[in-house]
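Asks:
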Amino acid sequence: MHHRVRIHYDNKNGFLEPVMWVWVSDGATLEREVEPGGFDDFGVYYDLSYNRSSFNFIFKDGKGEDVPWEEEKFNRSFHAHLGKEIWSMANRHNIYNVRPASPVGNINDYYRQISHLVPGDNFYLPNTDVSGLGITSMLGANILTDGSVLFGFFHPYAARVYLVGNFNDWQCPAHPLPQEEKFIPMELYRGFYYQPNIWLARIKAGLKPDSPIEYKFYLQGGAVENERYVSDPYTRLYSDDYKYRNAVVVDPTKFKWTDQDWKTPDIKDLILYELNIYGFTDNDTGIPEDIQGTFKGVTRRIRDGYFNKLGITALALMPTSEVPVKRGLGYEPCTFMAVEKDFGTPDDFREMVNEAHRHGLAVLIDQVFNHTSNDFNPLWNLIDDGSGEGGFYFSGKTMWGNKVATGKDEVDNMLIDSCKLFIKEYHIDGFRFDATHSYFLNHKLLHRLAHEIKDKGFKPDAIMIAENLPNEKDLNIEGYNGYAQWSNHFHDKVKALLREGVFEGIGNEPDNMGAMIYFSKDSFAAHTNNVINYCESHDENSVQFEVATGGEHLQDPEIKERKARLGLLTTMVALGQPMIYMGQEYGVERERNRIKVNWSKYAGDDNEFYQWARSLINLRKRYEALRINGYNPVEEGKFHWLAGPWLEHNRGAGKRVLGWKARSSADPSGQLLVMLNFEGHDVSLNFPFDPGRWIKLGDIEQINDLPPAGNKDPLDSDSIVVSDDMPEQHFVLPPYSGFIYKYHPA
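The UniProt record's numbering puts the first residue of the sequence shown at 1, with every later residue one more than the last.
See the structure below:
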């Protein structure tokens with residue numbers, strides 16, 4: 001049976017003699033040239049008769065083979081179900097069964113018309129444009145001050161886009177009972193690179209005051225399915241009904257902030273506490289059951305002073321973005337700006353941050369930009385640009401499934417917009433970026449992020465942390481302003497020493513112990529700001545669990561606890577910024593990726609490990625000498641090695657021991673002395689102490705600070721008194737031990 005189809009072509013290539021080349025892919029030899037049947041205001045058109053269910057076509061300039069052709073990647077495949085009239089555009093492989101919309105203007109002209117309606121404080125209207133052309137994209141659903149809602153949607157290949165929602169009875173061409181008068185077609189504007197790629201619609205919703213506005217976009221052309229409903233990649237929230245997964249309009253300006261005097265702390269003052277919103281308070285009997293596992297549950301803990309007592313200065317939240325599963329780690333984001341509704345509302349999140357700031361706590365969120373969920377993935381095949389599986393937003397695979405196409409300008413714009421939105425609308429102090437190694441994520445994005453947020457003044461003091469394992473030097477930028485990387489050099493070496501064996505290919509020999517303490521400078525870091533030190537995280541076994549895998553002799557509970565203390569002590573005294581994982585303050589023994597803590601078993605002020613850990617962490621917080629920073633504190637006179645395996649015999653030669661003095665200023669009374677012994681036996685040392693009194697602040701068993709923080713008496717017998725005629729002091733370090741002394745002039 002013969003069929004006829006009219007094929008329109010816009011001929012934006014400017015072919016003088018546009019000819020359509022037609023062929024089939026089923027092994028037949030059918031090939032032919034088709035000349036235009038006429039011209040219209042779209043371009044040229046071809047009337048074709050065919051007797052197969054499908055065929056391929058492409059355009060060229062003139063007859064024969066030795067003429068200019070479109071690139072092969074723009075080969076188009078027609079199927080009979082597309083109908084009797086289709087449209088094609090130059091340099092696109094897409095076929096449309098509706099006439100593609102023409103741009104109605106420039107996006108920046110539109111922005112100038114409505115800019116006086118954009119809310120001021122605590123509101124972010126997307127405006128990232130890494131090209132430098134200054135495009136204000138206005139993507140997402142944004143409530144303006146006149147009560148109207150502006151919807152923006154990026155799609156460079158769609159023919160037409162409709163806004164649908166509960167404000168127009170979900171009416172669009174796909175509705176089973178279409179009412180055209182209720183359709184809301186979006187208008188196409190020239191956006192990024194001044195190309196037609198941003199769709200806008202502005203409406204008055206007309207719903208009851210407290211009724212949520214739910215919406216989607218209906219797409220015609222430009223996606224793998226020729227017509228489909230799609231979710232807004234910029235949505236701030238998804239509806240509760242996962243069957244439909246509608247986007248929900250959020251007004252970020254209604255929340256009343258009280259943190260106007262808050263200032264994000266300097267990175268050197270960070271003491272990070274990594275936690276999972278769900279796991280941190282789930283089944284915690286100290287939290288009302290109805291708010292366990294939520295933002296409100298964490299807010300309650302903040303308000304109760306838990307983190308202040310512990311000495312923490314920053315909360316490092318595991319991912320808070322919407323994921324398709326409940327009670328997981330959170331590393332399967334659906335999109336990048338929607339808050340996980342199982343944790344609570346966006347305003348619950350804001351209240352948690354507001355309360356944290358009121359208690360002197362910075363808040364960082366975990367951004368997963370390397371991949372998205374493989375279950376509910378609104379970005380998957382959203383834009384069919386012919387680039388391969390997943391479409392425009394993806395480029396290959398990772399061990400977790402898909403791989404986001406970071407480094408692509410428009411993708412980076414979206415990811416940077418996400419960070420700006422959380423800074424502006426949630427007052428977030430900074431971010432930890434998941435799995436950023438260049439295997440998984442294009443570092444162009446990370447450099448653009450730092451430039452857009454810090455260098456351009458959006459938030460110059462933003463804290464930027466990268467889980468970049470193994471570590472890479474390019475993220476140091478200029479050192480002081482670079483990313484703080486989770487140091488796998490520190491973590492792996494500490495774990496190897498504590499388990500007395502090999503960990504992740506790193507041995508427990510004394511080599512590189514100094515670099516472990518000295519901010520991994522010999523490994524990757526340029527400045528102390530470039531390092532996050534940790535011996536536990538959500539990704540890693542706890543010290544006690546890991547130590548027990550090192551052999552039967554290490555499974556003794558006392559040995560495991562002593563090693564857990566030594567690991568935490570090492571984390572708190574090393575140069576760089578320390579991080580602990582929830583439950584570590586109680587010596588919790590757990591496998592990696594466990595996000596629940598049995599608080600009833602461990603928690604309580606009477607837990608001796610907790611009492612010790614709390615006092616230790618507060619030492620770090622109180623004494624500048626434990627937080628010295630710079631490019632090379634040794635050269636700056638702030639740090640001096642006293643013991644180490646590379647020094648002479650009586651100062652630790654060949655032994656797993658370390659000792660140093662640190663000072664933050666010229667004032668000698670600010671000096672601290674630290675000694676660590678990872679050996680399973682006593683180690684004798686001789687090294688010089690400055691004349692005066694050295695007051696013992698703590699060891700593996702006990703921490704007791706000087707007043708007012710503690711009740712340490714400087715005249716206690718465990719102080720070391722050094723006279724002018726004592727060139728060296730003899731010291732015996734017990735097995736698996738650590739000491740902190742403070743200098744007091746004679």
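Note that CB positions come from ideal geometry on N, CA and C, so glycine has one too.
Considering only C-alpha positions, which residue in the set D269, T258 and P319 is nearest to L275?
Replies: One-based indexing of the sequence shown puts residue 275 at position 275. Looking at the Cα atoms, P319 is the closest of the given residues.
Asks: For R327, name the three-state secondary structure that DSSP assigns.
Replies: Numbered from 1 along the sequence shown, position 327 holds the residue referred to as residue 327. Note: R327 maps to coil in three-state DSSP.
Asks: Run through the stretch 594 to 653 for me and flag every whole alpha helix (DSSP H) of 4 or more residues, listed as ranges in chain order.
Replies: 599 to 602 and 608 to 622
Asks: Have a look at S25 and F78 and give me their C-alpha separation to the nearest angstrom.
Replies: For this step, residue 25 is matched to residue 25 along the sequence shown. For this step, residue 78 is matched to residue 78 along the sequence shown. Cα to Cα, S25 sits roughly 11 Å from F78.
Asks: Would you be able to state if there are at least three C-beta pairs under 8 Å between the stretch 584 to 602 and the stretch 627 to 640?
Replies: no
Asks: Hey, M352 and F295 are a contact pair by Cβ (cut 8 Å); roughly how many whole angstroms apart?
Replies: Numbered from 1 along the sequence shown, position 352 holds the residue referred to as residue 352. Numbered from 1 along the sequence shown, position 295 holds the residue referred to as residue 295. With 8 Å as the limit, M352 and F295 qualify as a contact, their Cβ atoms being about 5 Å apart.
Asks: For Q220, report the span of its beta strand (DSSP E) as first-last.
Replies: Looking up residue 220 in the sequence shown gives position 220. Counting along the chain, the unbroken beta strand (DSSP E) around Q220 starts and ends at E214 to Q220.
Asks: Do you know how far the Cα of K182 is from the Cα of D169?
Replies: As a working note, residue 169 is residue 169 in the sequence shown. As a working note, residue 182 is residue 182 in the sequence shown. Computed Cα separation, rounded: 8 Å.
Asks: Measuring straight from C-alpha to C-alpha, what distance separates K12 and D61?
Replies: If you number the sequence shown from 1, residue 12 lands on position 12. If you number the sequence shown from 1, residue 61 lands on position 61. Each residue's alpha carbon lies about 12 Å from the other.
Asks: How big is the Cα-Cα spacing for I463 and I559?
Replies: On the sequence shown, position 463 is the one that residue 463 refers to. On the sequence shown, position 559 is the one that residue 559 refers to. Approximately 37 Å between the Cα atoms of the pair.
Asks: Apart from the five residues on each side of it in sequence, which residues of its chain come closer than 7 Å, Cβ to Cβ, to Y631?
Replies: Sequence index remark: in the sequence shown, residue 631 carries index 631 (1-based). G479, A526 and H527.
Asks: According to DSSP, simplified to helix, strand and coil, what is R592?
Replies: Counting from 1 along the sequence shown, the entry for residue 592 is found at position 592. Coil at R592, not helix or strand.
Asks: Could you have a look at F192 and say whether DSSP puts it in helix, strand or coil?
Replies: Along the sequence shown, read from residue 1 onward, the residue named residue 192 stands at position 192. DSSP places F192 in helix when its eight states are reduced to three.
Asks: Please say whether V104 and L144 have beta carbons closer to each other than 8 Å?
Replies: Start at 1 with the first residue of the sequence shown, and residue 144 comes out as number 144. Start at 1 with the first residue of the sequence shown, and residue 104 comes out as number 104. Here L144 is not near V104, since their CB atoms are 8 Å or more apart.
Asks: Are at least three pairs of beta-carbons, each pair with one atom in the stretch 280 to 296 and one in the stretch 447 to 458, less than 8 Å apart?
Replies: no
Asks: Quick one, which of V547, N607, N533 and S600 has its alpha-carbon nearest A574's?
Replies: For the purposes of this step, residue 574 is identified with residue 574 of the sequence shown, where counting begins at 1. Closest option to A574, Cα to Cα, is N533.
Asks: With H, G and I counted as helix, E and B as strand and the rest as coil, what does DSSP make of P707?
Replies: Translated into positions along the sequence shown, residue 707 becomes position 707. Coil, per DSSP.
Asks: State the DSSP-derived secondary structure class of I291, mapped to helix, strand or coil.
Replies: To locate residue 291, count along the sequence shown from 1; it is residue 291. Looking at I291 - three-state DSSP - the assignment turns out to be helix.
Asks: Going by the beta-carbon positions, is the gap between P324 and D375 smaller than 8 Å?
Replies: In the sequence shown, residue 324 corresponds to position 324, counting from 1. In the sequence shown, residue 375 corresponds to position 375, counting from 1. Yes; because the gap between Cβ atoms is below 8 Å, this pair is in contact.
Asks: Determine, using beta-carbon pairs with one atom in the stretch 308 to 318 and one in the stretch 363 to 373, whether at least three such pairs fall under 8 Å.
Replies: yes
Asks: Terminal residues of the continuous beta strand (DSSP E) containing G147?
Replies: Residue 147 sits at position 147 when you count from the first residue of the sequence shown. Element bounds for G147: n/a, residue is neither H nor E.
Asks: For L626 versus G659, is the C-beta distance shorter than 8 Å?
Replies: Here residue 626 refers to the residue found at position 626 of the sequence shown. Here residue 659 refers to the residue found at position 659 of the sequence shown. Contact flag unset, no.
Asks: Using the three-state DSSP reduction, which class does I365 fall into: helix, strand or coil?
Replies: Taking the first residue of the sequence shown as position 1, residue 365 is located at position 365. I365 falls in the strand class under three-state DSSP.
Asks: Could you spell out the range, first to last residue, of the alpha helix (DSSP H) harbouring T372?
Replies: For the purposes of this step, residue 372 is identified with residue 372 of the sequence shown, where counting begins at 1. It is not in any alpha helix (DSSP H) - T372 carries neither H nor E in the DSSP assignment.
Asks: Please list the terminal residues of the continuous beta strand (DSSP E) segment that includes T398.
Replies: Residue numbering aside, residue 398 sits at position 398 when the sequence shown is read from its first letter. That run of the beta strand (DSSP E) goes F394 to T398.
Asks: Taking only three categories from DSSP, how would you classify K403?
Replies: The residue you call residue 403 lines up with position 403 of the sequence shown. Reduced to three states, the DSSP call for K403 is strand.
Asks: Give every residue of the same chain whose Cβ lies closer than 7 Å to the Cβ of N94, excluding the five residues on either side of it in the sequence, and list them in chain order.
Replies: For the purposes of this step, residue 94 is taken as residue 94 along the sequence shown, with counting starting at 1. These residues qualify, in order along the chain: Y157, G221, G222 and D384.
Asks: Locate the alpha helix (DSSP H) running through M513, then write down its first and last residues.
Replies: Within the sequence shown, residue 513 is the residue found at index 513, counting from 1. M513 to I517 is the extent of the alpha helix (DSSP H) around M513.
Asks: Using 8 Å for Cβ pairs, my map puts Y234 next to K216. What's the rounded Cβ distance?
Replies: Stepping through the sequence shown from its first residue, residue 234 is reached at position 234. Stepping through the sequence shown from its first residue, residue 216 is reached at position 216. Their Cβ separation, rounded to whole angstroms, is 13 Å, which puts Y234 and K216 out of contact at 8 Å.
Asks: Grouping DSSP H, G and I as helix and E and B as strand, with all else coil, what is P103?
Replies: Position 103 of the sequence shown holds residue 103. Coil.
Asks: For N377, tell me which candidate among G297, S231 and W599 has the shortest Cα-Cα distance.
Replies: For the purposes of this step, residue 377 is taken as the residue at position 377 of the sequence shown. The option with the nearest alpha carbon to N377 is S231.
Asks: Using only the alpha-carbon positions, how far apart do Y581 and E536 sit?
Replies: The residue you call residue 581 lines up with position 581 of the sequence shown. The residue you call residue 536 lines up with position 536 of the sequence shown. Taking the straight line joining both Cα atoms gives about 6 Å.
Asks: At what residues does the beta strand (DSSP E) containing K254 begin and finish?
Replies: Taking the sequence shown and counting its residues from 1, one reaches residue 254 at position 254. From DSSP, K254 is part of no beta strand (DSSP E); its letter is neither H nor E.
Asks: Under the three-state reduction of DSSP, which class applies to F687: helix, strand or coil?
Replies: By one-based count along the sequence shown, residue 687 stands at place 687. Note: F687 maps to strand in three-state DSSP.
Asks: Using a 10 Å radius around the Cβ and a threshold of 16 neighbouring Cβ atoms, would you call T258 buried or exposed?
Replies: Taking the sequence shown and counting its residues from 1, one reaches residue 258 at position 258. Note on T258: under 16 other CB atoms within 10 angstroms of its CB, so exposed under the neighbour-count rule.
Asks: Secondary structure at G576, three-state DSSP: helix, strand or coil?
Replies: Position 576 of the sequence shown, counted from the first residue, corresponds to residue 576. Residue state, collapsed to three classes: coil.
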